Amino acid sequence: MPRTMLNDQHWSKLKSILRNFNIYLKPNLRNFIEAILFRIRTGCPWRDLPEEFGKSNSIFQKYNRWSIKDKIMKIFKLLANDADIEWLFIDGTHVRAHQHSAGIKNQDISKSIGGNSSKI
Numbered sequence: 530m531p532r533t534m535l536n537d538q539h540w541s542k543l544k545s546i547l548r549n550f551n552i553y554l555k556p557n558l559r560n561f562i563e564a565i566l567f568r569i570r571t572g573c574p575w576r577d578l579p580e581e582f583g584k585s586n587s588i589f590q591k592y593n594r595w596s597i598k599d600k601i602m603k604i605f606k607l608l609a610n611d612a613d614i615e616w617l618f619i620d621g622t623h624v625r626a627h628q629h630s631a632g633i634k635n636q637d638i639s640k641s642i643g644g645n646s647s648k649i
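Straight run, no breaks: the sequence shown in the numbering used here ends on number 649.
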C-alpha cells in the first residue's frame, strides 16, 4: 500500500464519521474517498486519476453530487475540528518580517572579501 493511501486505522475512524452524514458503506466508497484525497494532494484533473480508483467520470459525478449537498465541506470541517495538532510544526522560512525587524543599518556578522555580509 502506498504511503499516501488510507490505512485501516484511519478508514475505521472515517467510517464512523461518514455514518453521521448518512453515508453508508458501499463496496467502492473507500476507493472514492481515496480518489478525492489523491486529487486534492496532487491537483491532477479528474480525467488523470489512476484507473485503480475507478472511472474518473463516475468519481467526478459523485463528488459533484456530494459538493452540491455540502457533504464534502461538512466532513472536512469535522476532521479539521478534530485534528491532532500536538505535533504540528510551522516552517518559518517563508514568514514575512516587518522591515524594521532586521536590525540596525550596517549591522553585519563579519566582513568578507566582497564586502559586508553574513557569509564568512
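Backbone N, C-alpha and C fix where the C-beta goes; we use that ideal spot for every residue, glycine too.
Just so we're clear, the structure is a prediction, and the values are computed from it rather than from any experiment.
May I ask which residues mark the beginning and end of the alpha helix (DSSP H) holding tryptophan 540? 537-549
Is phenylalanine 595 helix, strand or coil when you go by DSSP? The sequence given here has tryptophan at residue 595, not phenylalanine. Three-state result, tryptophan 595: helix.
How about glutamate 563 and phenylalanine 589: are their beta carbons less than 8 Å apart? Against a cut-off of 8 Å, the Cβ pair of phenylalanine 589 and glutamate 563 comes out as no contact.
Which whole-angstrom value is the C-beta distance of tryptophan 540 and arginine 559, which I expect to be below 8 Å? 6 Å
Quick check on DSSP: helix, strand or coil for asparagine 557? Here asparagine 557 sits in coil by DSSP.
Do you know offhand how far asparagine 536's Cα is from arginine 625's? 37 Å
So for alanine 612, helix, strand or coil by DSSP? coil
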